[in-house]
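Okay, so here's the structure we're looking at.
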Amino acid sequence: MSATGSTLPRPRLLGRATVNAVVAISVLYTLLPVLWLVLAAAKNRDALFGSDLLSLSDFSFARNLTDLFAMDGGLYGRWYVNSLLYAVLGAAVGALVSVACGYAFDKYRFRHKEKLFGLVLAAVMVPQTVLALPLYLMASEAGLVNTFWAVFVPVLFNPFGVYLGRIFSQGYVPDEVLEAARIDGAGELTMYARVALRMLGPGLVTVFLFQLTAIWNNFFLPMVMLSDQDLYPVSLGLYAWNSSASVSPEYYPVVIMGSLLAVVPLILAFVLLQRFWRSGLTAGAVK
Amino acid sequence: MTATTEHTVRVPAPRAAAPSARTRRTARRRRLGAAGVLMAPFFLLLTTVFLIPVGTAAYLSFYSDDQPGLGFGPERTVFVGLRSYAAVLTDPTFLGGLGTVALYCLIYIPLMVAGALLLALLLDSGVVRLRAFAQLGLFLPHAVPGIIAALIWLYLYTPGISPVVDLFARADITIDFLGVHTVLPSIVNIALWSNLGYNMVVFYAALQAVPREVIEAAVVDGAGPVRTALQVKTPLVRASIVMVAMFTLIWALQLFTEPMLLSQSSQMINSRFSPSMYIYDAAFTRNNYSLAAAASVILLLCTVALSYGVTRLTSRNSTAEEAR
Chain R
12 MSATGSTLPR
22 PRLLGRATVN
32 AVVAISVLYT
42 LLPVLWLVLA
52 AAKNRDALFG
62 SDLLSLSDFS
72 FARNLTDLFA
82 MDGGLYGRWY
92 VNSLLYAVLG
102 AAVGALVSVA
112 CGYAFDKYRF
122 RHKEKLFGLV
132 LAAVMVPQTV
142 LALPLYLMAS
152 EAGLVNTFWA
162 VFVPVLFNPF
172 GVYLGRIFSQ
182 GYVPDEVLEA
192 ARIDGAGELT
202 MYARVALRML
212 GPGLVTVFLF
222 QLTAIWNNFF
232 LPMVMLSDQD
242 LYPVSLGLYA
252 WNSSASVSPE
262 YYPVVIMGSL
272 LAVVPLILAF
282 VLLQRFWRSG
292 LTAGAVK
Chain E
101 MTATTEHTVR
111 VPAPRAAAPS
121 ARTRRTARRR
131 RLGAAGVLMA
141 PFFLLLTTVF
151 LIPVGTAAYL
161 SFYSDDQPGL
171 GFGPERTVFV
181 GLRSYAAVLT
191 DPTFLGGLGT
201 VALYCLIYIP
211 LMVAGALLLA
221 LLLDSGVVRL
231 RAFAQLGLFL
241 PHAVPGIIAA
251 LIWLYLYTPG
261 ISPVVDLFAR
271 ADITIDFLGV
281 HTVLPSIVNI
291 ALWSNLGYNM
301 VVFYAALQAV
311 PREVIEAAVV
321 DGAGPVRTAL
331 QVKTPLVRAS
341 IVMVAMFTLI
351 WALQLFTEPM
361 LLSQSSQMIN
371 SRFSPSMYIY
381 DAAFTRNNYS
391 LAAAASVILL
401 LCTVALSYGV
411 TRLTSRNSTA
421 EEAR
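Those sequence lines, one after another, are chains R and E. For the first sequence, the residue numbers in the working numbering are 12 to 298. For the second sequence, the residue numbers in the working numbering are 101 to 424.
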């Protein structure tokens, strides 16, 4: 790139090699553990503890898969459905709620607006572990402990989504378009639903993905709220199975296979929606 | 208010003839109504799952279920002032946990920020082959849930299962990844692995937004690629660096999932390893709500103070930049 580089080819070549080596090692560092998970998922219990990881002699991917869904009366399937419900439904509703609020922060003027927005930003900082005990006490007061709602409602709250929604609204929804719609006689809410929401699409997808990841990752809240294994999300279920594995090692292959399957939905979401979140992430990061 | 005047100006002539104060007022009221409707669901959530819980935590920390006076009568809730705080702050296990997390932050945050920034700068330099593949590969762990990442690494740390430990053993090196001195670096490694690629993408996006003319000017001035990266590009993405540092800090202070999982296999991690684990232990194992609430408030204050410090650092930097 540089002007001096062309006159000094040797150090530049060395530099290129070093740069590529550093990146290659980093990529190996991030990829190999995932590769290990894939390979280990194909091993039966004895092979897991014994033989060479790459040998295919004791290939039992299909068996591990059937074992996984048969273990403890098909509990894993339930957890998977629960996780999908918590995450997909929660992220969809949460993203709509946050982006609508962010849009209102951007497009409307009202008293104490910036103070309210400051409150929203402050909420980003508060650790989840701080809220867990009071939320548990409130849920138990309301008779909601150990129900779907105890986990579903708190995860809808996404203050960072409001922040992003405001930035996206600034970037994607020009005020002129709204003025034109108003002149055409559109009501404020119809205008939001018909005009603004469509323009906010990529931003909405970004917030959705952020929240999907967060809810799919969620571990502390379900751990506090749920005692009924039938309501567990995958994360908590695998945690429980892993603690049994030290006593009864037949859990090891199913925990590994279960972990592999638990990675799939997020990868799918990121790949399928990448056209949207790439643009969204950039908008969020630059600000 | 400017929006309203604009609106009346643009209205076609026949209607604009009489933009009476009343119609303007109804338009304004309609907009306020719409803003209210759009914001209500979020603020309902904010109140129920944020404001009330924070208030409850603060309240609980000042009260306690005590046996009254001479031990007669039923238990009742009494005001104990700062007693729970004193109990938490003199509890060596809590202070130990706080120290652990402080050490964890000191190792993890610089490594994370420097590592992610270095990778982003390298990818931005234009000499990396297969850049799209490299980015995707680095980003992949972000799609792996935290508990699964901890599980994978737990197995990679476990002798007998782990090919890594095997490999070291073949070279006659015995490493106990879950020993006294290694368990914290092992946790740092899990967090680093999970988030490095994501933060790299954030930095990379910011670097892409740096105007090319600035870089070209630096090159014309005779700056080599390393100097361009460190002295030109890095200062220009300072806002992203601070943002990443702040989010990394907030998450790091909550340290819970990884040690909780590793504690199933390591004697080195007790049930009060980090402040978050202390809170969980106090609330749900010992059922001492006021102790848990006081610890929660202390953790909250630490988080707010530290993140405020980080944002202050940014605003001072950005005003300094504007002055330049």
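Quick reminder that beta carbons are idealized off the backbone N, C-alpha and C, glycines included. All values derive from a computational prediction rather than experimental measurement.
By the CB criterion at 7 Å, residue 345 (chain E) and residue 290 (chain E) fall outside the cutoff.
Under the three-pair Cβ rule at 8 Å, the segment 317–336 of chain E does not count as touching the segment 103–115 of chain R.
For residue 301 (chain E), no pairing in a beta bridge is given by DSSP. Within its own chain, the residues whose Cβ lies closer than 7 Å to the Cβ of residue 188 (chain E), once the five positions on either side in sequence are excluded, are 194, 391, 394, 395 and 398, listed in chain order. DSSP, reduced to helix, strand and coil, places residue 178 (chain E) within a strand of the structure shown. Ranking E:296, E:148, E:361 and E:292 by CA distance to the CA of residue 258 (chain E) puts E:361 first.
Per DSSP, reduced to three states, the secondary structure at residue 239 (chain R) is coil, with no helix or strand assignment. Exclusion of the five residues before and after residue 288 (chain E) leaves 207 and 208 as the residues of its chain whose Cβ lies within less than 6 Å of its Cβ. In this structure residue 387 (chain E) is exposed. Its beta-carbon is surrounded by fewer than 16 other beta-carbon atoms within 10 angstroms.
Between residue 252 (chain E) and residue 127 (chain E), the alpha-carbon positions lie close to 58 Å from each other.
Look at residue 117 (chain R) here: in three-state DSSP terms it is helix.
Put simply, the CB of residue 248 (chain E) is near chain R, with a gap under 7 Å to one of its CB atoms. For residue 191 (chain E), there is no enclosing alpha helix (DSSP H), since its DSSP letter is neither H nor E. About 5 Å separates the beta carbons of residue 30 (chain R) and residue 222 (chain E), which is inside the 8 Å limit, making them a contact pair. Listed along chain E, the residues sitting closer than 8 Å to residue 270 (chain R) by beta-carbon distance are 248, 251 and 252. Residue range 212–228 is occupied by the alpha helix (DSSP H) that includes residue 212 (chain R).
The C-beta distance from residue 294 (chain E) to residue 241 (chain E) rounds to 5 Å, short enough to meet the 8 Å contact threshold. Under the DSSP assignment, residue 78 (chain R) falls in the alpha helix (DSSP H) whose first and last residues are 72–81. Residues of the segment 381–399 of chain E with a C-beta atom less than 8 Å from some C-beta of chain R are 383, 384, 389, 392, 393, 396, 397 and 399, listed in chain order.
Taking 7 Å as the cut-off, the beta carbon of residue 374 (chain E) is found no closer than this to the beta carbon of residue 196 (chain E). If you ignore the 5 residues before and after residue 233 (chain R), its C-beta comes within less than 6 Å of the C-beta of 162, 244 and 247, all in its own chain and listed in chain order. Inter-residue distance for residue 324 (chain E) and residue 26 (chain R) is about 11 Å (C-alpha atoms, whole angstroms). It is roughly 11 Å from the alpha-carbon of residue 381 (chain E) to the alpha-carbon of residue 144 (chain R). A straight-line Cα-Cα distance of about 34 Å links residue 39 (chain R) and residue 406 (chain E). The segment 161–220 of chain R is shown to contain whole alpha helix (DSSP H) runs of 4 or more residues at 170–183, 186–194 and 199–202, in chain order. Taking a 10 Å sphere around the C-beta of residue 224 (chain E), we find 16 or more other C-beta atoms and assign the residue as buried. The beta carbon of residue 357 (chain E) sits closer than 8 Å to those of 246, 247 and 250, all from its chain and outside the five residues before and after it, given in chain order. The segment 119–128 of chain R and the segment 180–194 of chain R do not touch, with fewer than three beta-carbon pairs separated by less than 8 Å.
Against chain R, a Cβ distance below 7 Å from residue 297 (chain E) picks out 41. Near chain R, meaning a CB-to-CB distance below 9 Å, no residue of the segment 267–279 of chain E qualifies.
For residue 138 (chain E), the enclosing alpha helix (DSSP H) has its first and last residue at 121–146. C-alpha of residue 93 (chain R) to C-alpha of residue 242 (chain R): approximately 7 Å in a straight line. Neighbours of residue 228 (chain E) in chain R, taken as residues at a C-beta separation under 7 Å, are given in chain order as 30, 31 and 34. When C-alpha distances from residue 340 (chain E) are compared across E:120, E:304 and E:230, the shortest belongs to E:304.
Closest by C-alpha distance to residue 53 (chain R), out of R:278, R:269, R:260 and R:238, is R:269. Proximity of chain R to residue 288 (chain E) at the Cβ level (cut-off 9 Å) is not reached, the minimal Cβ distance being about 14 Å.
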